[in-house]
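Visitor: Mind having a look at this structure? Questions to follow.
If you want it as structure tokens, here you go:
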């Protein structure tokens, strides 16, 4: 069975104001070792958890559930909350960058962009050993990125207000030189030629800074999906993983859609979520996001059945279509009880659910 790995980014926020606070290093040092790996991230308010390579959702669920529970317990001891959200609610001072040589170089490269670059994502690695097959998989997921984002938008707030977008993280990332949909690549040589030219031109500081919503990892033999916001619950994160893995292993649509049109479709998904009008991956014609979710189900059915994830994904998609994305649930909580209710949602969303996902296997 094709292995996968998940990287989840969290932001530690003051439990009352929901402003980022610099607890990332303390959290990563305090959390127990063992399964997976906990590290600091770009900002001092962030922490990242990377799972071990997993063959099944059940394997990943155990690690994610334990880590989220431990992280939230740490946060509670420090009068904070570990928020699994693409952007933090509260405004804060200029972002404090973790003190490493590479992060200092990136901060210099970003300039003033770094001051508002509070973004948290879920990155999914799908192991594909053959490099040309990785390029095929990259091309296969490319026209579906907007649909994946419509399902996973989870960053409606920033600077203490509703942004009017389901994924404000995606909007912020558009300030980077590479963002959203990657171009179509002929083969691995073409891919590396494009990246190499960008580094030589000083558009990118290094190959690890490629920030497309999908790319080939520079460290592992994996396709890396970076389109997803950090997910509110472990169950949401595992749903993204199951769908992303299946999509990477499914046949690509016929034809190659226009780059600009696909970028616009990703923007539409960031703005309107499941209410967006997206591009049909075959025809390129406008189509409702919910209809594209239905088409996605059809396209990945075979891969889901092979992995044993079909029932879990069917139930998860029905839940998201019924209850809304993380962004919708955040807005509902805030409308009901302001920052106190939003803080409670972040806290309650961690722990427990991840173990249920494994029961489907």
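In the working numbering, the protein residues as written are 112 to 472. Every residue, glycine too, gets a C-beta built ideally from N, C-alpha and C.
With respect to the alpha helix (DSSP H) encompassing residue 368, which residues constitute its N-terminal and C-terminal limits?
Guide: Where residue 368 is concerned, there is no enclosing alpha helix (DSSP H), given that its DSSP letter is neither H nor E.
Visitor: Between the Cα of residue 231 and the Cα atoms of 249, 194, 224, which residue gives the shortest distance?
Guide: Residue 231 has its Cα closest to that of 194, out of 249, 194, 224.
Visitor: How is residue 295 classed by DSSP in three states: helix, strand or coil?
Guide: Note: residue 295 maps to coil in three-state DSSP.
Visitor: Use the C-beta contact count for residue 188: other C-beta atoms within 10 angstroms, 16 or more gives buried, fewer gives exposed.
Guide: The residue in question, residue 188, is exposed, as its Cβ has fewer than 16 Cβ neighbours within 10 Å.
Visitor: Please classify residue 420: is it buried, with 16 or more other beta-carbons within 10 angstroms of its beta-carbon, or exposed?
Guide: Residue 420 comes out buried.
Visitor: Is the stretch 258-270 in contact with the stretch 381-391, if contact means three or more CB pairs nearer than 8 Å?
Guide: Yes, the stretch 258-270 touches the stretch 381-391.
Visitor: Tell whether a beta-carbon distance below 8 Å holds between residue 157 and residue 120.
Guide: Yes. Within cutoff.
Visitor: Buried or exposed, going by whether 16 or more other CB atoms sit within 10 Å of the CB of residue 302?
Guide: The residue is buried, with at least 16 neighbouring Cβ atoms inside 10 Å.
Visitor: Please go through the same chain and pick out, in chain order, the residues whose beta-carbon is closer than 7 Å to the beta-carbon of residue 470, but skip the five residues on each side of it.
Guide: Its pLDDT being 43, under 50, residue 470 is placed unreliably by the model, and the measurement read from it follows with that caveat. Nothing listed; no residue qualifies.
Visitor: Using DSSP with H/G/I as helix, E/B as strand and the rest coil, what is residue 342?
Guide: If DSSP states are grouped into helix, strand and coil, residue 342 belongs with coil.
Visitor: For residue 331, count neighbouring Cβ atoms within 10 angstroms of its own Cβ and tell me buried if that reaches 16, exposed if not.
Guide: Looking at its Cβ environment, which holds fewer than 16 other Cβ atoms inside 10 Å, residue 331 is exposed.
Visitor: Measure the C-alpha to C-alpha separation of residue 451 and residue 234 and round it to an integer number of angstroms.
Guide: So the two alpha carbons sit approximately 29 Å from each other.
Visitor: Name the residue from 185, 115, 191 whose alpha carbon lies nearest to the alpha carbon of residue 130.
Guide: If we check each option's Cα against that of residue 130, 191 comes out closest.
Visitor: For residue 175, does the count of other Cβ atoms within 10 angstroms reach 16, so buried, or fall short, so exposed?
Guide: So residue 175 ends up on the buried side.
Visitor: I'd like to confirm the pairing. Which residues does DSSP put opposite residue 409 in its beta bridges?
Guide: None, per the DSSP bridge assignment.
Visitor: Which residues mark the beginning and the end of the beta strand (DSSP E) in which residue 388 is found?
Guide: It spans 388-390 - the beta strand (DSSP E) in which residue 388 sits, taken as one unbroken run.
Visitor: Please state if the CB of residue 339 and the CB of residue 238 are separated by a distance shorter than 8 Å.
Guide: Not a contact, by the Cβ cut-off of 8 Å.
Visitor: How would you call residue 240, buried or exposed, if buried means at least 16 neighbouring beta carbons within 10 angstroms?
Guide: The residue is exposed, with fewer than 16 neighbouring Cβ atoms inside 10 Å.
Visitor: Quick check on the DSSP output: the beta strand (DSSP E) that includes residue 286 runs from which residue to which?
Guide: Residue 286 -> no beta strand (DSSP E), and no H or E assigned at all.
Visitor: Under three-state DSSP, which class holds residue 134?
Guide: Here residue 134 sits in coil by DSSP.
Visitor: Run the CB neighbour count on residue 347, radius 10 Å, all protein chains shown included, and call it buried at 16 or more, exposed below.
Guide: Flag for residue 347 reads buried.
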